[in-house]
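J.: Chains as they are written, first to last, in this note's numbering: chain A, 10 to 320; chain B, 10 to 320.
Note that CB positions come from ideal geometry on N, CA and C, so glycine has one too.
2 protein chains.
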Amino acid sequence: MENSLDFGGFAERVSQRVAELDSRLVVGIDPDPDFLNPLAPGIRAAFGDEPEAILERFCRTVLEAVKDQAVCVKPQAAFFESWGLPGMSALADCISEARRAGVPVILDAKRGDVGNTAKAYARAYLDPCSPFFSDALTVNPYLGEDALRPFVEAASRNGCGVFVLVRTSNPASGTVQSLPLKTGGTVAESVASMVRRLSEGLTGPSGYSPVGAVVGLTHPEDVLKLRILMPRSLLLLPGFGAQGGRAEDASCAFHLGGKGALVSASRSITSSFLRAGDGELLSHEQVAEDIRTRAIHAREEINRAALRSST
Amino acid sequence: MENSLDFGGFAERVSQRVAELDSRLVVGIDPDPDFLNPLAPGIRAAFGDEPEAILERFCRTVLEAVKDQAVCVKPQAAFFESWGLPGMSALADCISEARRAGVPVILDAKRGDVGNTAKAYARAYLDPCSPFFSDALTVNPYLGEDALRPFVEAASRNGCGVFVLVRTSNPASGTVQSLPLKTGGTVAESVASMVRRLSEGLTGPSGYSPVGAVVGLTHPEDVLKLRILMPRSLLLLPGFGAQGGRAEDASCAFHLGGKGALVSASRSITSSFLRAGDGELLSHEQVAEDIRTRAIHAREEINRAALRSST
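(1) Are the C-beta of THR177 (chain A) and some C-beta of chain B separated by less than 8 Å?
(2) Can you give me the start and stop residues for the beta strand (DSSP E) that GLY170 (chain A) sits inside?
(3) Note down, in chain order, every chain B residue with its Cβ under 8 Å from the Cβ of ASP41 (chain A).
(4) Using a Cβ cut-off of 8 Å, pull out every chain B residue sitting near ALA156 (chain A), in sequence order please.
(5) Using a Cβ distance threshold of 8 Å, determine whether the stretch 199–208 of chain A contacts the stretch 179–193 of chain B, with at least three qualifying pairs required.
(6) Does the beta-carbon of CYS261 (chain A) have 16 or more other beta-carbons within 10 angstroms, so that it is buried, or is it exposed?
(7) Does the Cβ-Cβ distance between PRO47 (chain A) and ASP39 (chain A) come in under 8 Å?
(8) Express the C-alpha separation of MET239 (chain B) and GLU61 (chain A) in angstroms, rounding to a whole number.
(9) At the level of alpha carbons, what is the spacing between PRO214 (chain A) and PHE19 (chain A)?
(10) Give the residues from the stretch 238–252 of chain B that approach chain A closer than 8 Å (Cβ to any Cβ), ordered along the chain.
(11) Just verifying my parser: in three-state terms, what is the DSSP assignment at ARG317 (chain B)?
(12) Tell me whether the stretch 120–138 of chain A and the stretch 128–137 of chain B touch, counting them as touching only if at least three CB pairs, one residue from each stretch, are closer than 8 Å.
(13) Pull up the distance between the alpha-carbon of PRO2 (chain B) and that of ARG303 (chain A), whole angstroms please.
(14) Going along the chain, which residues of the stretch 185–202 of chain A sit with their C-beta nearer than 8 Å to a C-beta in chain B?
(15) What three-state label does DSSP hand LEU188 (chain A) in the structure shown?
(16) Taking the Cβ atom as the reference point for each residue, do VAL171 (chain B) and VAL148 (chain B) lie within a distance shorter than 8 Å?
(17) Could you pull the start and end residues of the alpha helix (DSSP H) that ARG109 (chain A) belongs to?
(18) Taking 8 Å as the CB-CB limit, is MET10 (chain A) close to chain B?
(19) Hey, how far is the Cα of SER178 (chain A) from the Cα of ALA107 (chain B)?
(20) Could you tell me whether any Cβ in chain B is nearer than 8 Å to the Cβ of GLY153 (chain A)?
(21) Does the beta carbon of ALA87 (chain B) come closer than 8 Å to any beta carbon on chain A?
(22) Are any of the Cβ atoms in chain A nearer than 8 Å to that of ARG166 (chain B)?
(23) Any chance the CB of ILE278 (chain A) is under 7 Å from a heavy atom of the ligand SAM?
(24) Give a yes or no on whether 8 Å exceeds the smallest Cβ distance from GLY54 (chain B) to chain A.
(25) Would you report the Cα separation of ARG313 (chain A) and VAL80 (chain B), rounded to the nearest angstrom?
(26) Anyone know if the C-beta pair for ALA256 (chain A) and ALA270 (chain A) falls short of 8 Å?
(27) In chain B, what lies closer than 7 Å to LYS83 (chain A) by C-beta?
(28) Give me the Cα-Cα distance between ILE278 (chain B) and PRO84 (chain B), rounded to the nearest whole angstrom.
(29) In angstroms, rounded to a whole number, what distance separates the CA positions of ALA55 (chain B) and LEU45 (chain B)?
(30) How many Å lie between PRO247 (chain A) and VAL82 (chain A) at the Cα?
(31) Under 8 Å between C-beta atoms, does LEU174 (chain B) make it to chain A?
(32) If you draw a straight line from the C-alpha of LEU316 (chain B) to the C-alpha of THR212 (chain A), how long is it?
(33) Just mark GLY250 (chain A) as buried or exposed, buried being the case when its beta carbon has 16 or more other beta carbons within 10 Å.
(34) Report the residues of the stretch 92–111 of chain A with a CB closer than 9 Å to any CB of chain B, ordered along the chain.
(35) For LEU245 (chain B), which of B:ALA86, B:VAL175, B:SER208 and B:GLU90 has the nearest alpha-carbon?
(36) Buried or exposed for SER292 (chain B), going by 16 or more other Cβ atoms inside 10 Å?
The following block contains the structure:
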């Protein structure tokens, strides 16, 4: 709550942090139970062998390691939900610890529903009274413009943001998003126009509205087109690293001075330590150091791409 | 677990239950915190004044009242999530109580994500080891065919079902779903073809696959068209009652003998008791009776529409 009052809306807080940290990196917190397997020697060495403690330590380690390198952290709701009730409790802790450390949280939950139900999701994730209160939430546009409005309204009211899925990074995302429309353009482009409409009248001093968009780096041919269609939206670009997207493909998403876009990476930063020591087991401190080093490299690589931009 | 082994897959269990109960009604369990307000005299009279106890009693009351009338119950995840951690705990209880009572659970969570993340959602909701293990899950197709496959695979493996959002019941759902495609048809029709592809090879003895579809009753002009495009899918038709959809609009969704479709209603059955006594406060028993009576009426009205069908 105090964040929204002290520092303006989400886009303002993010823009300020981009400048302060000189970073456009978002680090995903993905506590995949398959990865955090207590039977895996690398996991035991770093985090112990008690499942719920591993979950909690993993989240805290990533947060500590990246808090001065990442503009935001992005917990992936699916992984927390897959741990059942302890996962939901860990999600609440992860969100509040990040916010306490001054790191804005983008909750990647890809929610979407109609009317009162959308309001209930907004109450769960974009309301200061909720234990899951996040700075921003990813939302799914398939249900249409009226289904997104309750999220946008809650975000505006509470100094938060939303990131509407426009073009996702998975290989077959085009089976819906790239369908060509009779009136020209694609489904994703039509959703981008919806994002622009939803942004109207909400642009803050940073030049950006609370209505951002997710545009996967793995489709570089679409990034510039979608950037132009959504001039007032922060873009969140997943697909960097493990999914094969390259930092240079992000260049055209940035406005002059490396503004207006954030690149997210998860596994390539937070899970690579299992391979880092070439078979050698890393201690908790070494894992934290490995994550931090990878975050620094990713941040620098993204910065080089961002500052090449002239959109 | 035993359900999937004893009675075949979700479509088989549902088809058998439709015949046994002579019902095509799905009752939504929507514990909207705005509605279940402990300050509302009607809520206090029926459920007491302690928020978490109200939540639990509401779910149990609806379940008890409709378990012999409804083919399935459909808890809406958003409302549970909006109560925070006690809501998630109530969701787990609600799901397991319904399943213990032999009532299949369709969890309305509209999840959708890519690759490993979709697998994590499937692990949260379609895996017998999860506290949220449901008989079926609603899923969002915007991320494309590869993003739906992990859900379909988990559903097939564990005797569960998925309902893919094809055409939702909200007023502006057409802003994405009705966009006309260059190649003919609409986005919703293209998603319907995807549902048909995903169903291939999975049809069980009932004639239906584990891959169902959500088709809102509020767009009657689309129901027949989408039914024809997805001949092997159970259709879940929301929008009945409070949202203005009429039972007769569902007729063309049913196959001969009133098979292949389920009509869902929530508020018109479970929340009307606040108005039932014309200002008079109803006791817990009277509320249960009111919900039961409304479920019986809805079931009969839907049956009349279903048995008029000749698709």
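T.: Let me spell this out:
(1) yes
(2) 170–176
(3) ASN125 and ALA129
(4) THR177, ASN179, ALA181 and SER182
(5) yes
(6) buried
(7) no
(8) 43 Å
(9) 11 Å
(10) none
(11) coil
(12) no
(13) One cannot answer for residue 2 (chain B) here, as it falls past the ends of chain B, which runs 10 to 320.
(14) VAL185, GLN186, LEU188, PRO189, LEU190, LYS191, THR192, VAL196, SER199 and VAL200
(15) coil
(16) yes
(17) 94–109
(18) Below a pLDDT of 50, predicted positions are generally treated as unreliable, and MET10 (chain A), at 36, falls in that range; the measurement from the model is reported next regardless. Not an interface residue.
(19) 37 Å
(20) yes
(21) yes
(22) no
(23) Ligands in the displayed structure: none, and consequently the ligand SAM is not present.
(24) Checking the displayed sequence, the identity of residue 54 (chain B) turns out to be Ala instead of Gly. No, its Cβ sits nowhere closer than 8 Å to a Cβ of chain A.
(25) 58 Å
(26) no
(27) Residues of chain B passing the Cβ test: none, with the nearest at roughly 12 Å.
(28) 14 Å
(29) 10 Å
(30) 13 Å
(31) yes
(32) 54 Å
(33) buried
(34) TRP92, GLY93, LEU94, GLY96, MET97, SER98 and ALA101
(35) B:VAL175
(36) exposed
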